[in-house]
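Colleague: The structure is given below, and queries will be raised subsequently.
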Amino acid sequence: MITKSLRHLGIAISACLLATGPAQAQNQSFDSYLDDVAERARAEGVSQATIDRVFAGLTPHARVLELDREQAGSGGNVNPATGFAWMSSYIRRHNSSSRISGGHRTLSRIGPLAAEIEREYGVPAEIIVAIWGHETAYGAVMGGFDLPRSLATLAWDGRRRALFEPELIDVLKMVDMGVPRSQLEGSWAGAFGNGQFLPSVYLRLAVDGDGDGDRDVWNSDADTVHSIANYFRDAGWRTGQPWAVRAYVPNSVDRTDIENHTAAPVCPRVHGRHSRWMTVREWRERGVEPRAPIADDVMASLFEPDGPAEPGYLLTQNYRVILEYNCSNYYAMSVGLLADEIAR
Ligand SMILES: [Ca+2]
74 MITKSLRHLG
84 IAISACLLAT
94 GPAQAQNQSF
104 DSYLDDVAER
114 ARAEGVSQAT
124 IDRVFAGLTP
134 HARVLELDRE
144 QAGSGGNVNP
154 ATGFAWMSSY
164 IRRHNSSSRI
174 SGGHRTLSRI
184 GPLAAEIERE
194 YGVPAEIIVA
204 IWGHETAYGA
214 VMGGFDLPRS
224 LATLAWDGRR
234 RALFEPELID
244 VLKMVDMGVP
254 RSQLEGSWAG
264 AFGNGQFLPS
274 VYLRLAVDGD
284 GDGDRDVWNS
294 DADTVHSIAN
304 YFRDAGWRTG
314 QPWAVRAYVP
324 NSVDRTDIEN
334 HTAAPVCPRV
344 HGRHSRWMTV
354 REWRERGVEP
364 RAPIADDVMA
374 SLFEPDGPAE
384 PGYLLTQNYR
394 VILEYNCSNY
404 YAMSVGLLAD
414 EIAR
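The opening position of the sequence shown corresponds to residue 74 in the working numbering, with each subsequent residue numbered one higher.
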């Protein structure tokens, strides 16, 4: 949750960007920068009253910059077969038994909402609950940073201004729409609420699920699950398809022959670990055996996260939808497998 500041934007954080050394020095005072942002916000229709209320007394937050600098590290033990950190140990750590039982409890607490969102958005409730679990431990850890302060700090800092300045203006628009100033808390990187949306995502996709007039993704179960489900529908979730299935992959499958040579337009490094896409029927013809039901005409890509001797998965389009939420194979695999556990 805390380390995924580029979430929802489909932009992979670039290691080389982080490695370019100290952030570019701010060539402008914080207050003078906020004056410029206020000007641009007014041009986008934000009221002066909101600008005054939100920007009053705002100061840069040193801790936010510190966390932004630290974000690069934490690779973990590298698996020599793949050159990447072990997926299996990551999943053991993140899909703990308490996270799984928390998922069961959350699913039963939301009760009829589960069927409601499945009907309305076509997305399984366990997927939504698994996202909620991974983002904020089902609402237990939503972050206590002041959002305008975090976003203003990151925008002013300049390293990722193109990302954060529009988010800062969008948080002003949220206040203009009636979100209380006191509600604007979240992660250091500007994501908030049960599903850790950024302001732009909130404006575009949050839903008033309980119909009380507010889109309260902090406190309302209905608004939370409707909003996340709406995100998934918008990102192209295909109703009735699994996110992936476990698959037996015989040694006879020539891994070089199934390599994907098309670079993905967004986060190519993540997509680059998947094979090229074929129908399940074509995979079966090569000896790959799905271990769970999946239709023969579904397009799927093979992913062997820990190498050929370890479990393999046939990923569907729905896996890519999870990647849109946060473009990391570790994230998407653990959300998918957590959802499978919750549904069990
Ligand atoms: Ca509501």
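Using N, Cα and C, we set each Cβ at its ideal position, and we do this for glycine too. This structure is a prediction, so every number in the text was calculated from the model and none was measured.
1. Taking DSSP as the reference, what is the three-state secondary structure of residue 388?
2. Among 165, 350, 346, which one has its Cα closest to the Cα of residue 374?
3. Any chance you could list the residues with Cβ under 7 angstroms from a heavy atom of ligand 1, keeping chain order?
4. Take the Cβ of residue 100 as the centre, count every other Cβ of all protein chains shown within 10 Å, and call the residue buried at 16 or more, exposed below.
5. The alpha helix (DSSP H) with residue 275 in it runs from where to where?
6. When you compare only the Cα positions, how much space is there between residue 378 and residue 328?
7. Cα-Cα, which of 352, 196, 332, 417 is closest to residue 311?
8. Have a look at residue 299 and residue 164 and give me their C-alpha separation to the nearest angstrom.
9. Should residue 247 and residue 221 be called a contact, given that it needs their Cβ atoms to be closer than 7 angstroms?
10. Shortest alpha-carbon distance to residue 385 belongs to which of 267, 207, 322, 172?
11. If you run the structure through DSSP and keep just helix, strand and coil, what is residue 230?
12. Tell me which residues share the same chain as residue 380 and place their Cβ nearer than 8 angstroms to its Cβ, disregarding the 5 neighbours each side in the sequence.
13. Quick check on this structure: which residue in 204, 226, 411 has the alpha carbon closest to the alpha carbon of residue 141?
14. Note down the Cα distance separating residue 390 from residue 396, rounded to an integer number of angstroms.
15. For residue 240, which residues from the same chain have a beta carbon less than 7 angstroms from its beta carbon, with the 5 sequence-adjacent residues on both sides left out?
16. On the DSSP bridge assignment, give the partners of residue 319 in chain order.
17. Since residue 308 and residue 387 are thought to touch, with beta carbons under 8 angstroms apart, how far apart are those beta carbons, to the nearest angstrom?
18. Whole angstroms is fine: what's the gap from residue 180's alpha carbon to residue 160's?
19. Give the range of the beta strand (DSSP E) segment to which residue 374 is assigned.
20. Using three-state DSSP, classify residue 350 as helix, strand or coil.
21. Among residues of its own chain, excluding the 5 on either side of residue 353, which ones have a beta-carbon nearer than 6 angstroms to its beta-carbon?
22. Apply the 10 Å Cβ neighbour rule to residue 135 and answer buried if 16 or more other Cβ atoms are within range, or exposed otherwise.
23. What number of angstroms, rounded off, separates the C-alpha of residue 219 from the C-alpha of residue 415?
24. On the criterion of 16 or more Cβ atoms from any shown chain inside 10 Å, does residue 185 qualify as buried, or is it exposed?
25. What's the gap between the Cα of residue 261 and the Cα of residue 318?
26. Using the rule of at least 16 other Cβ atoms within 10 Å of the residue's Cβ for burial, across every protein chain shown, is residue 417 buried or exposed?
27. Can you tell me whether DSSP reads residue 420 as helix, strand or coil?
28. Please report the straight-line C-alpha distance between residue 254 and residue 291, rounded to a whole angstrom.
29. Following the continuous alpha helix (DSSP H) through residue 178, name the residue where it begins and the one where it ends.
30. Report yes if the C-beta distance between residue 249 and residue 119 is below 7 angstroms; otherwise report no.
31. Output yes or no for whether 7 angstroms exceeds the beta carbon distance between residue 268 and residue 193.
Modeller: Well, looking at it:
1. Of the three classes helix, strand and coil, the one that applies to residue 388 here is strand, per DSSP.
2. Per the Cα distances, 350.
3. This selection yields 281, 282, 283, 284, 285, 286, 287, 288, 289, 293, 295, 296.
4. Here residue 100 is exposed, its C-beta having fewer than 16 other C-beta atoms within 10 Å.
5. 272 to 278 is the span of the alpha helix (DSSP H), which, as asked, contains residue 275.
6. A straight-line Cα-Cα distance of about 13 angstroms links residue 378 and residue 328.
7. The option with the nearest alpha carbon to residue 311 is 196.
8. Cα to Cα, the separation comes out at about 27 angstroms.
9. No Cβ-Cβ contact shorter than 7 angstroms links residue 247 with residue 221.
10. Among 267, 207, 322, 172, the Cα nearest to that of residue 385 is on 322.
11. Looking at residue 230 - three-state DSSP - the assignment turns out to be helix.
12. Once the five neighbours on either side are set aside, the close Cβ partners of residue 380 are 152, 154, 155.
13. For the options 204, 226, 411, the alpha carbon positioned closest to that of residue 141 is the one of 226.
14. Between residue 390 and residue 396, the alpha-carbon positions lie close to 10 angstroms from each other.
15. A distance below 7 angstroms between beta-carbons, with the five flanking residues on each side excluded, links residue 240 to the following residues of its chain, in chain order: 224, 263, 271, 272, 273.
16. Note: residue 319 sits in a beta bridge opposite 386.
17. So it is not a contact: roughly 20 angstroms between Cβ atoms.
18. Residue 160 has its alpha-carbon roughly 26 angstroms from the corresponding atom of residue 180.
19. Run containing residue 374: 372 to 376, per the beta strand (DSSP E) assignment.
20. In the three-state reduction of the DSSP assignment, residue 350 falls in the strand class.
21. Spatial neighbours of residue 353 in its own chain (CB-CB distance under 6 angstroms, excluding positions within 5 residues in sequence) are listed in chain order as 367, 369, 371, 373.
22. A residue is called buried once 16 or more other Cβ atoms fall within 10 Å of its Cβ, and residue 135, having fewer, is exposed.
23. Rounded to whole angstroms, the separation of the alpha carbons of residue 415 and residue 219 is 33 angstroms.
24. Exposed, since its Cβ has fewer than 16 Cβ neighbours within 10 Å.
25. Going from the Cα of residue 261 to the Cα of residue 318 covers about 35 angstroms.
26. By the beta-carbon neighbour count (other beta carbons within 10 angstroms, threshold 16), residue 417 is exposed.
27. For residue 420 there is no data in the structure shown, the boundaries of the chain being 74 and 417.
28. A direct Cα-Cα distance of roughly 13 angstroms separates residue 254 from residue 291.
29. Looking at the DSSP string, the run of the alpha helix (DSSP H) that includes residue 178 is 170 to 183.
30. Against a cut-off of 7 angstroms, the Cβ pair of residue 119 and residue 249 comes out as a contact.
31. With respect to residue 193, residue 268 sits apart: the two C-beta atoms are not nearer than 7 angstroms.
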